[in-house]
Amino acid sequence: MMASSYSAKEEDGHHSGSAGLGGTAIRTRKPDNTAFKQQRLPAWQPILTAGTVLPAFFIIGLIFIPIGIGLFVTSNNIKEFEIDYTGTDMSSPCFNCSQSFSWNSTTPCRCVLFFSLDQPFESNVFMYYGLSNFYQNHRRYVKSRDDSQLNGDERSLKEPSKECEPYRTNENKPIAPCGAIANSMFNDTLDLFYIDPNGTQTQIPFIKKGIAWWTDKHVKFRNPSSSNPNLTAVFIDTAKPVNWRKPVYELDTDPENNGFINEDFIVWMRTAALPTFRKLYRIIQKKNNMTPTLPRGNYSLEVTYNYPVRSFEGRKRMILSTISWMGGKNPFLGIAYITVGSICFFLGVVLLFIHHKYGNRNNSSDIPN
Amino acid sequence: MTWTNPLTLLRHGWTRHWNPDRPVRTVVSNLPFEDLKKREQPNRRYEGNAIRTNKYRLWSFIPMNLFEQFHRMANIYFVGLAILNFVPVVNAFQPEVALIPICIILALTAVKDGWEDFRRYQTDQQLNNTPCFIFSRKQMCFVERRWKDVRVGDFVRVLSNEIIPADILLLHTSDPNGVCHMETANLDGETSLKQRKVVPGFSSLGEPFQPQTFDSTVVCENPNNNLNLFKGYVERPDKRRTGFGIDSLLLRGCMVRNTDDAAGIVVYAGHETKSMLNNSGPRYKRSKIERKMNTDVLFCVVLLFFMCLIGALGHAIWLETFSSMPSYIVPDSNGNYTPSVLAGFYMFFTMIILLQVMIPVSLYVSIELVKMGQIFFITQDVELYDEELDRRVQCRALNITEDLGQIQYVFSDKTGTLTENKMVFRRCSVMGTEYCHEENVVVPDRKLILEVDRQMASIQTGPYLDFFLALAICNTVLVSSVTAQRQRVRVNVADLAGAERVGDVLRALTHSTKTVKGRRSSSYSGGSFHNMRQWFRKCGLGKVFTSMKFFKRGGETLADPFSIDEDESDGFHSSDVSDAAGGLSGSEEVCYEAHSPDEAALIHAAKAYGFTMMERTPHYVTVKLPDEALLKFEVLDILTFDSTRRRMSIIVRHPHTKEIIMYTKGADSAIMERLGNVFSGDKIKCVEQWCGWKAVCFSLKVISEQEFRAWSAVRQEALSAIEEKEERLMETANFIESSFTLLGATGIEDRLQESVPETIQALRRAGMQVWVLTGDKPETAINIAYSCKLLEHEDLVFTFSTSRKVLQCQLTNASVPEQSLICVSQPVSSGKLGCIGLVIDGPTLSMAMSDELVELFVELCKHCRAVLCCRVTPLQKSAVVKLIRQKLRVMTLAVGDGANDVNMIQAADVGIGVSGQEGMQAVMASDFAITRFKHLQRLLLVHGHWCYSRLANMVIYFFYKNVAYVNLLFWYQFFCGFSATAMIDYWLMIFFNLFFTSAPPIMFGIMEKEVSDSTLLSLPELYKRGQHSEGYRRSTFWIAILDAFYQSLVCFFIPYWTYNGSDIGIFAFGTPMNTVSLFTIILHLAIEIKSWTAVHWVIMIGSVLVYFIVTLAYSAICISCNPPSDPYWIMHKQMADPMFYLVCILTTVVALLPR
């Protein structure tokens, strides 16, 4: 009955429509009966049941625990050595240097620290300097640079960005490189000596290129008018940053590592995210397969102490570390993976137990719904 | 005469127009001044007919649009922030970048506004350039011009089926009777024709219209928006005044019908026309969620304030710890360091800029988009489409979709809303004898016919004849014909009348149906049949379908009492099908254009008994008697129906006896109280027994010539009055309408719409209180209430009625607490009798709503399951709605179909108009318009629920998203000396909110389907969730905020501990965090989404892909474009690092594990 009257109506509507405009097609306002417009698109409705949740827990657990173990083992295999040379202690060899400080002192203050490595460092060793309590991420500090100047822009060299204030000009000359980051560049020099059991010291050779990102060195940082190899002439009308002892074109003797593309400078310019950070200083390359890069034994670290940290109670460290695919030594991620994996697994077990014990009752009550 | 002295006229015009505050407008003909310059025109102060509905002009678009947009608090907030960026002390990274979001939002809105405005401009242009005919003095004829050239004072001619360009005072028509018909469908959707008359004295019969001779001055009221009221007079040069009313005004936008041409003088043009003044855009209502949301936005502001305060204090304290300034603290340009307290103070503002995303500004834009999507889906719902009317559900209010999901009280009109409002003549009572028509008026009562025949045979008058004459002529029904160019109607219904006379119409009907059938198959595409169909449609009585069905069924039994379709069409079958038959045989037939369905039912009933109204002009009514004789009554006056008098009268002169007779029809009470001689009590009793039917009484009064003349003079005076015209007209009407003789009464049944009881029960189960407010009498209302299951038979029903006189007041007072006690105790004592119904009538209601009783009344109502208010005025309806809405603080919905429901619809939180029989006023005032009451069920239970839960979830999600993201930045402040550094690139931060995470929640808000519609319909109880605002509470908000805090902690500290102490740079540190929080936010939504369609997959996966593509591209291209963040190659570097993925996976899992 219902169906027949419906179809009759529909036919009716159709006829009246065609009659309405004497044969020309008339559009009724009837909405299209499409799945999209009627909100009837085929839908996947995931319902959280024990059948889907429990396997998810187990899978997470089973995947995470091996990853965690892998990470943890890798992290443990990384050898790391850290020595603080700030010299806040009276007993520290660098105490004197840390006390008598001025940015402009011409006579370098040197101090030597002795340490020993219990285990040999097998592969390439990365040498870092570490600073703590140094807020390289301070908003105004982070801002205080001129990227186009560093990119070799001639105009910015003459007219550094306003952001560099107050390290923009010195004695009416534009500062190159301008800004607070460059001005506060780390300028300690670290040298490492291996002390033979017989007492002779051999300096450990460093590689100072390849410590910055390739893209930084080749794209982002450029010396102005790179056609002119004479950097002194290029930077002739600029002043050195206030705290620097040497102008920018004297950072290194190697022309490929001088000026703005000096890698120590580039590394420093990549501001650290956290107040305690390390920055790559040098790389000690593995000589051959036979001898470890740094054999077990005694070493001395000779520091040319220039960089003041006393005003902010900072610490300076020297770090030696081998490196793996996951970067430096950090057991946290491994532990975290293991923990989360275990928790998931444990929860899975508990839920499975609950499900098995009470599941039947739940199921029977669920069915009517 | 026309142009004796234009200068004087000019001066007249000048002085008249000098004072714009005058209460009346004076219009003179433009023709004498045609050659004058514009500033010398008398009517120049009135607006021209060109309309401009677009808000902006090209040059003013930007400033005006901006000005309007800044009315929004959110925009002001955002602009304030953008300005803050430019204050040097706050050290914004890149002030220009901060402008981007606000610019995008403003631009988007501006483009939207501009496009809408351009559309308006285009339609305006189209309208303005429509051709029309204006009289020109030079050519001495009507010349074709454009609508925009029409000025006040011009003479305009409109041809048949043309649209009227301005409000025109009708001075001439081609119709010899001086009438003109117009269809107001464009204005109010009513398809019935309205009759307009030439201003008295101008109906120069047969002569061509000569505007150049028009020398009078038209005085009328200033423009107003009342479509049903217009008054004024024409002053001749000899100071004679002729009054006119709305029935002489052709309204702009209407269409002239059935009249070859009509002409008149323009009185209102352009924006001053009544139709333009009635054009108010969609109303702005604020939904409940939005109000709540605004307070939550305030909470966010407070939260933001505290976070900034922590930042500021932290920074000041941090600075205090240094004895001398370290090298990483940058002094100002003079080399001085800001004192730590001041630096902390500055830091507060810097923090605001950094954490500004906390206030979800994009939320408002998103909500608008979501609501547009929701409305799209509501209007597209095929279940809410009405085949018969070819109408979808209309959403007129754009921003309260989710309120549909929170309704607690439903106030419904009865007539036309619960019922069909298609009246069926069921019984009549003449001279105390009752005649029932059980099934169908097509089968007239034999006894009654005999009685009529007897009277016809013996004497020419008698109560039976008078009764049917009254039935036939006492109305305002118009007769229209097939062809547009109508001649005198010559009706040919002889065969039909004959058939009726023998009471055997059934056979005739089936016969004619068969004819039609046969004819249809042969000439299916041939013109005549289709023309007829088209004409049927025009008639607007909704008979097309019934008659068509009729054709199809052919042999089926007609009088099947169980067939609803059948019953619907009962009243019309005879006429329709016979008309159809007539149409096919090539002759003309009658079609009635009734204003109200009662009238249609009555006139069709009269016709069934052989009293056919053949024609109606302003001055004559022609009725054909059963014996084929034509009676042409001269109409002396018509006192039209109004809701206060509740009756209408027609004063005619009988063609034979020359007596002046007044026929009056009205509601039983309106007639009974004015009866001259006390009639037999049993008749009154029998009317009262007709519960469930609308009783209409007919009465007659013979007026003596002198009496009429005296009255007529008073009436004329009242008609031409400008002040207090209504009151005076009412007075005169009341004066003449007294001491009637009762002729008889008719009972008209109004059938319930389909599935009304089911709908009411579903709404009840959904926890809604359903009230019925009706103007009908209590008996009818109660009867309907029982039949639609509003009241159950075992319910305890209290009836309050003032018939118990003054005592009522005390009685109510005493009974209310007592009854409420019963109400409270009863559900406890006996579960079965737990339902209380309350029936209250209008006068009692106003008493109950007086100050001292109102609290008790509301208290009582709270305990009632159903409340039925009868005999309430429109004003009372809205008062009840307002009372409940304010006292109980509930969400109310009002549904109605007639003009008397407009107040109620506007007073309620959600107003729903039923586009039914009684015109479109209710629809115009409503927020949503439906066609059937049953649609309410789906609209509320399905769409309301969906819209509510979607929007609630989306808003919560938006808050969550922003808080989660902003907190990442906040945690970082603890590691950067509260210096407001962001570890995420500024552009990426903006993109994050604008692009990467904006589409999924919008899609979620539009398409989420938590529960399927069939479940929602079968379990109305699910609706209660929305009623109690469970989807969006303060607690949900805070839980979402806490969740956001947790997730941001995880998203920050896992990367932090992973990278702590390493050589990671700021932005290399921020990248995994950004990625992690994107994953978390998207997957969080993925968990919330209950049903996944292809669209969901595309948008979710698309968002993630867009993030990676944009970020990669950005960090590949941008070398030093955005200092200091230098994103160059960071993303690539990170994505080459396995640690990045490990961190992402771990963090996402940990962040979402609690869910």
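Protein chains in written order, with the numbering used here: chain A, 1 to 369; chain B, 370 to 1524. For glycine and all other residues, C-beta sits at the position ideal for the given N, C-alpha and C. Please read these numbers as outputs of a predicted model, since none were measured by experiment.
Residue from the options whose Cα sits closest to the Cα of residue i
i, options, result
"His138 (chain A)", "B:Phe714, B:Gln1130, B:Tyr1341", "B:Tyr1341"
"Gln763 (chain B)", "B:Ser781, B:Met741, B:Leu598", "B:Met741"
"Glu1390 (chain B)", "B:Val670, B:Leu1132, B:Ile1209", "B:Leu1132"
"Thr582 (chain B)", "B:Ile1410, B:His1025, B:Arg506", "B:Arg506"
"Leu1357 (chain B)", "B:Ala1333, B:Glu1379, B:Ile1410, B:Ser1484", "B:Ser1484"
"Arg606 (chain B)", "B:Met1504, B:Thr586, B:Gln777, B:Asn594", "According to the sequence displayed, residue 606 (chain B) carries Pro and not Arg. The shortest C-alpha separation from Pro606 (chain B) is found at B:Thr586."
"Ile175 (chain A)", "A:Thr215, A:Ile211, A:Asp237, A:Asn223", "A:Asp237"
"Arg1301 (chain B)", "B:Glu757, B:Leu673, B:Ala970, B:Ser1404", "B:Glu757"
"Asn663 (chain B)", "B:Leu847, B:Thr492, B:Arg1403", "B:Arg1403"
Inter-residue CB distance, residue i and residue j (contact presumed, cutoff 8 Å)
i, j, result
"Thr845 (chain B)", "Glu968 (chain B)", "7 Å"
"Asn530 (chain B)", "Val625 (chain B)", "7 Å"
"Ala1102 (chain B)", "Arg1014 (chain B)", "6 Å"
"Asp753 (chain B)", "Leu1308 (chain B)", "As written in the sequence, residue 753 (chain B) is Leu, which differs from the Asp given in the question. So it is a contact: roughly 7 Å between Cβ atoms."
"Asp536 (chain B)", "Leu619 (chain B)", "7 Å"
"Val821 (chain B)", "Tyr804 (chain B)", "No, Val821 (chain B) and Tyr804 (chain B) are not in contact; Cβ-Cβ is about 11 Å, not under 8 Å."
Beta-carbon proximity check, residue i vs residue j, cutoff 8 Å
i, j, result
"Gly314 (chain A)", "Asn198 (chain A)", "no"
"Tyr961 (chain B)", "Ile972 (chain B)", "yes"
"Phe1436 (chain B)", "Ile1499 (chain B)", "yes"
"Met727 (chain B)", "Asn1331 (chain B)", "yes"
"Leu294 (chain A)", "Tyr85 (chain A)", "no"
"Ala1114 (chain B)", "Ser1383 (chain B)", "no"
"Ile1020 (chain B)", "Leu1000 (chain B)", "no"
"Ser75 (chain A)", "Asn330 (chain A)", "yes"
"Arg565 (chain B)", "Ser644 (chain B)", "no"
"Asn151 (chain A)", "Phe36 (chain A)", "no"
Residues of its chain near residue i, where Cβ-Cβ distance is below 7 Å and the 5 sequence neighbours each way are ignored
i, result
"Cys1513 (chain B)", "Pro1441, Thr1444, Val1445, Phe1448"
"Ser1107 (chain B)", "Arg1043"
"Phe1365 (chain B)", "Leu1447, Ser1472, Val1475, Tyr1476"
"Leu688 (chain B)", "Ser709, Ala712"
Cβ shell of residue i (< 6 Å), same chain only, five flanking positions each side left out
i, result
"Tyr893 (chain B)", "Model confidence at Tyr893 (chain B) stands at a pLDDT of 34, short of 50, so the residue's coordinates are unreliable and nothing is read from them."
"Arg922 (chain B)", "Legend: pLDDT at Arg922 (chain B) = 34, less than 50; position of this residue unreliable, value from coordinates given subsequently. For Arg922 (chain B), where only same-chain residues beyond five positions count, there are no Cβ hits under 6 Å."
"Thr1379 (chain B)", "Correcting the residue identity first, residue 1379 (chain B) is Glu in this sequence and not Thr. Excluding residues within five positions, the ones whose Cβ falls inside 6 Å are Ser1318, Lys1459."
"Arg317 (chain A)", "Glu82, Asp84, Gly130"
"Ala1235 (chain B)", "Leu1159, Leu1160, Gly1206"
Same chain, Cβ closer than 8 Å to residue i, neighbours up to 5 away in sequence not counted
i, result
"Gly650 (chain B)", "With a pLDDT of 48 at Gly650 (chain B), under the threshold of 50, the modelled position of this residue cannot be trusted, and the question is left open."
"Phe57 (chain A)", "Cys344, Phe345, Leu347, Gly348, Leu351"
"Thr271 (chain A)", "Gln136, Asn137, Tyr141, Val142, Ile181"
"Thr1517 (chain B)", "Val1445, Phe1448, Thr1449, Leu1452"
is_contact[residue i, chain E] using C-beta, thresh 8 Å
i, result
"Lys1378 (chain B)", "No chain E appears in the structure shown, which is made up of the protein chains A and B."
Going along the stretch 249-280 of chain A in order, which residues come within less than 7 Å of chain B, judged by CB to CB distance? Arg270, Thr271, Ala272, Ala273, Leu274, Pro275, Thr276, Phe277, Arg278, Lys279, Leu280
Mind checking the stretch 302-328 of chain A against chain B and listing, in chain order, the residues whose C-beta falls within less than 7 Å of any C-beta there? Ser311, Phe312, Trp325, Met326, Gly327, Gly328
Contacting positions in the stretch 55-82 of chain A - beta carbon closer than 8 Å to chain B: Ile60, Phe64, Ile67, Leu71
Near-chain A residues of the stretch 691-709 of chain B - C-beta to any C-beta below 8 Å: Phe691, Ser692, Ser693, Met694, Pro695, Ser696, Tyr697, Ile698, Val699, Pro700, Asp701, Ser702, Asn703, Gly704
Scan the stretch 114-138 of chain A for residues whose Cβ lies nearer than 8 Å to a Cβ of chain B and list them as they occur along the chain. Tyr128, Gly130, Phe134, Tyr135, Gln136, Asn137, His138
Contact set between the stretch 484-495 of chain B and chain A, restricted to residues whose Cβ is under 7 Å from the partner: none
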